[in-house]
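Structure, as structure tokens:
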Amino acid sequence: MNQAFLVAVNDVLLSRKFSLTFVNMSHLASKKAEFLALLAQTNDIPLMLEIEKAEGCYLHDIEGKKYLDLISGIGVSSLGHGNKIIKQAIKDQVDQYMHVMVYGEFVQSPQVDYAKWLTDRLDQQLNSVYFTNSGTEATEGAMKLAKRCTGRYEIGSCINAYHGSSQGALSMAGGEWLKTGYRPLLPGTFQIAYNDFDAIERITEETAGFVVEPLQAEAGTIVPEPGYLQALRKKCDQTGTVLIFDEIQTGFGRTGSLFAHQGMGVIPDVLLLGKALGGGMPLGAFIASKEKMQVLVMTLFWGILPHLVVILFHALRAWLLVKNLKDFLFLIA
Ligand SMILES: Cc1ncc(COP(=O)(O)O)c(C=O)c1O
Numbered sequence: 167m168n169q170a171f172l173v174a175v176n177d178v179l180l181s182r183k184f185s186l187t188f189v190n191m192s193h194l195a196s197k198k199a200e201f202l203a204l205l206a207q208t209n210d211i212p213l214m215l216e217i218e219k220a221e222g223c224y225l226h227d228i229e230g231k232k233y234l235d236l237i238s239g240i241g242v243s244s245l246g247h248g249n250k251i252i253k254q255a256i257k258d259q260v261d262q263y264m265h266v267m268v269y270g271e272f273v274q275s276p277q278v279d280y281a282k283w284l285t286d287r288l289d290q291q292l293n294s295v296y297f298t299n300s301g302t303e304a305t306e307g308a309m310k311l312a313k314r315c316t317g318r319y320e321i322g323s324c325i326n327a328y329h330g331s332s333q334g335a336l337s338m339a340g341g342e343w344l345k346t347g348y349r350p351l352l353p354g355t356f357q358i359a360y361n362d363f364d365a366i367e368r369i370t371e372e373t374a375g376f377v378v379e380p381l382q383a384e385a386g387t388i389v390p391e392p393g394y395l396q397a398l399r400k401k402c403d404q405t406g407t408v409l410i411f412d413e414i415q416t417g418f419g420r421t422g423s424l425f426a427h428q429g430m431g432v433i434p435d436v437l438l439l440g441k442a443l444g445g446g447m448p449l450g451a452f453i454a455s456k457e458k459m460q461v462l463v464m465t466l467f468w469g470i471l472p473h474l475v476v477i478l479f480h481a482l483r484a485w486l487l488v489k490n491l492k493d494f495l496f497l498i499a
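Under the working numbering, the first residue of the sequence shown is numbered 167, with each subsequent residue one higher.
So, in structure tokens, the structure goes:
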């Protein structure tokens, strides 16, 4: 069934000129037509698979076709679809409690346990975890953290980079086509070419933070030249710039080590995680030293708004990961 036909069907349905008998046309046509009509679209040629169920590495559509899923929701469902442990953990957490309070107020043991699991596997300076709803939010949090830690506002990133879709994170994007429709974006940002050692000189004592994927993902899986990440680390140390590694895509074993930077021998000041971090549930995080994170704490005497997330299902997500990651990631952790 081609898309033009579906659009036409949809137009008909929405025109309300046709009887209920017509609305009760085949499920296949009506759901796809409604999908096109009722959901905001992100591109003009959506894949349009209508999913019946997903198990392991297979997707099944409502016409009974089975697809080997080589995309896993763009690196999100890294533990497989319909994972029994994940499903059980979700059920357990729903029975126990769901959203109870804005992030950072109540002690929710699943969040604490997952933070411990992560920090136990990271360099000791990455010992404080701020959970978010998405990778983009993790980028935003890290940008704000860099500003507060340094008292500066300039933030740099690399050409062809992608760090998320909000206007702050987009300001860090390295492709003009990503940004052009949304200008003006944040002032005081700049991009340099990835793997260009000379360009690192653009980072100065005015620069609050520099965000980089240790291995550029969306740009086309571009690996760092030997010494490149070390040179960035050195420059950021010289200038007092917060070095932020975006491992939203490279994290959780995708490059061999649990996190890509661990196989490359360079420790960032802030680590961004997302995608596989949630095992299929939306979850992001930015991780830094406790000392750095303290600047986001709002005190009675210093009333600057911290980074705030009023988060739904937070405990649930962390909980399910604690349970399943222990079982599934022992091979690389
Ligand atoms: C490297 C990188 N950073 C940030 C993001 C944004 O993450 P999210 O889509 O969860 O907001 C992505 C998503 O593709 C990504 O690949």
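Ideal Cβ placement from N, Cα and C applies to all residues, glycine included. Because the structure is a prediction, the values reported are computed rather than measured.
What residue ranges within the region 406 to 479 form continuous beta strand (DSSP E) runs of no fewer than 3 residues, ordered along the chain?
-> If only complete runs of 3 or more residues are kept, the region 406 to 479 shows the beta strand (DSSP E) at 408 to 412, 436 to 439 and 450 to 454, in order along the chain.
Okay, do the region 324 to 339 and the region 350 to 370 touch, 3+ Cβ pairs below 8 Å being the bar?
-> At 8 Å Cβ cutoff, the stretches touch.
So what does Thr373 bridge to, in DSSP terms?
-> Here residue 373 refers to the residue found at position 207 of the sequence shown. Listed as beta-bridge partners of Thr373 by DSSP are Glu320.
Would you say the beta carbon of Ile453 comes nearer than 7 Å to a heavy atom of ligand 1?
-> In the sequence shown, counting from the first residue as 1, residue 453 sits at position 287. No, the Cβ of Ile453 stays beyond 7 Å of every heavy atom of ligand 1.
CB-CB under 7 Å to His329, same chain, minus the five flanking residues each way: which ones, in chain order?
-> Position 163 of the sequence shown, counted from the start, is the residue given in the question as residue 329. Closer than 7 Å at Cβ, skipping near neighbours: Thr305, Ser323, Ala335, Met338, Ala339, Val377 and Asp412.
Mind checking whether the beta-carbon of Thr421 lies closer than 7 Å to any heavy atom of ligand 1?
-> Position 255 of the sequence shown, counting from 1, holds the residue named residue 421. Thr421: no, Cβ never under 7 Å from ligand 1.
Can you tell me which of the three DSSP states Leu284 falls into?
-> The count along the sequence shown starts at 1 and reaches residue 284 at position 118. In the three-state DSSP reduction, Leu284 falls in the helix class (H, G or I).
Test item: CB-CB of Gly375 and Ala308 under 8 Å | Counted from its first residue, the sequence shown places residue 375 at position 209. Counted from its first residue, the sequence shown places residue 308 at position 142. In contact: Gly375 and Ala308 (Cβ atoms closer than 8 Å).
For Gly419, the nearest candidate out of Met447, Ala255, Val278 and Ser244 (CA to CA) | In the sequence shown, the residue the question calls residue 419 occupies position 253. Residue nearest to Gly419 within the set Met447, Ala255, Val278 and Ser244 is Ser244 (criterion: CA-CA distance).
Would you call Asn299 buried or exposed, if buried means 16 or more other Cβ atoms sit within 10 Å of its Cβ?
-> To locate residue 299, count along the sequence shown from 1; it is residue 133. Buried.
Where does Phe201 sit, in a helix, a strand or coil, going by DSSP?
-> Looking up residue 201 in the sequence shown gives position 35. Three-state result, Phe201: helix.
With 8 Å set as the bound, which would you pick, yes or no: does the beta-carbon of Met338 sit closer than that to a beta-carbon of chain D?
-> Among the protein chains of the structure shown there is no chain D, as only one such chain exists.
For Ile237, three-class secondary structure by DSSP = Taking the sequence shown and counting its residues from 1, one reaches residue 237 at position 71. Ile237: coil per DSSP, three-state reduction.
Own chain residues within Cβ distance below 7 Å of Lys257, not counting five before or after = Stepping through the sequence shown from its first residue, residue 257 is reached at position 91. Once the five neighbours on either side are set aside, Lys257 has no close Cβ partner at all.
Could you check if Gln290 is buried or exposed, using at least 16 other CB atoms within 10 Å of its CB as the buried criterion?
-> Looking up residue 290 in the sequence shown gives position 124. A residue is called buried once 16 or more other Cβ atoms fall within 10 Å of its Cβ, and Gln290, having fewer, is exposed.
Ligand 1 heavy atom lying under 7 Å from the CB of Lys310 = Here residue 310 refers to the residue found at position 144 of the sequence shown. Not under cutoff, so the answer is no.
Status (buried if at least 16 other CB within 10 Å, exposed otherwise) for Ile237 = For this step, residue 237 is matched to residue 71 along the sequence shown. Within 10 angstroms of the beta-carbon of Ile237 lie fewer than 16 other beta-carbons, which makes it exposed.
For the putative contact between Glu303 and Gly393, defined by C-beta atoms under 8 Å, what is the C-beta separation to the nearest angstrom?
-> The residue you call residue 303 lines up with position 137 of the sequence shown. The residue you call residue 393 lines up with position 227 of the sequence shown. The pair is not a contact, with the Cβ atoms about 32 Å apart (cut-off 8 Å).
When we look at the beta-carbon of Thr355 and count the other beta-carbons within 10 Å, is it buried (16 or more) or exposed?
-> As a working note, residue 355 is residue 189 in the sequence shown. With 16 or more other CB atoms across the displayed protein chains lying within 10 angstroms of its CB, Thr355 is buried.
Could you tell me whether the Cβ atoms of Lys456 and Gln415 are closer together than 8 Å?
-> Taking the first residue of the sequence shown as position 1, residue 456 is located at position 290. Taking the first residue of the sequence shown as position 1, residue 415 is located at position 249. It is not a contact, given that the beta carbons lie outside the stated cut-off.
For the alpha helix (DSSP H) holding Ser337, just list the boundary residues, first then last.
-> Here residue 337 corresponds to residue number 171 of the sequence shown, with the count starting at 1. For Ser337, the enclosing alpha helix (DSSP H) begins and ends at Gln333 to Ser337.
Using the C-alpha atoms, what's the distance from Ala195 back to Gln277?
-> Position 111 of the sequence shown, counted from the first residue, corresponds to residue 277. Position 29 of the sequence shown, counted from the first residue, corresponds to residue 195. Note on geometry: alpha-carbon atoms of Gln277 and Ala195 lie some 43 Å from one another.
Could you tell me which of Ala281, Gly241 and Gly222 sits nearest to Leu234, measuring between CA atoms?
-> Position 68 of the sequence shown holds residue 234. If you compare the alpha carbons of Ala281, Gly241 and Gly222 with that of Leu234, the shortest gap goes to Gly222.
Cβ shell of Tyr224 (< 8 Å), same chain only, five flanking positions each side left out | Along the sequence shown, read from residue 1 onward, the residue named residue 224 stands at position 58. Closer than 8 Å at the Cβ level, and outside the excluded window around Tyr224, lie Lys232, Tyr233, Leu234, Asp235 and His247.
Would you mind working out which of Ile240, Met267, Tyr348 and Lys310 sits nearest Val436, comparing C-alpha positions?
-> Locating residue 436 in the sequence shown gives position 270, counting from the first residue. For Val436, the closest C-alpha among the options Ile240, Met267, Tyr348 and Lys310 is that of Lys310.
beta-carbon Tyr296 near ligand 1 non-hydrogen atom, thresh 7 Å = Residue 296 sits at position 130 when you count from the first residue of the sequence shown. Tyr296 Cβ: outside cutoff for every heavy atom of ligand 1.
Just the C-alpha distance for Arg314 and Met214, rounded to the nearest angstrom, thanks.
-> Stepping through the sequence shown from its first residue, residue 314 is reached at position 148. Stepping through the sequence shown from its first residue, residue 214 is reached at position 48. Roughly 44 Å between the two C-alpha positions.
Gly386 burial status per 10 Å Cβ neighbour count (16 or more: buried) = Position 220 of the sequence shown, counted from the first residue, corresponds to residue 386. So Gly386 ends up on the exposed side.
Residue from Thr421, Trp343, Leu204 and Thr373 with nearest C-alpha to Glu379 = To locate residue 379, count along the sequence shown from 1; it is residue 213. Across the set Thr421, Trp343, Leu204 and Thr373, the C-alpha of Thr421 shows the shortest separation from the C-alpha of Glu379.
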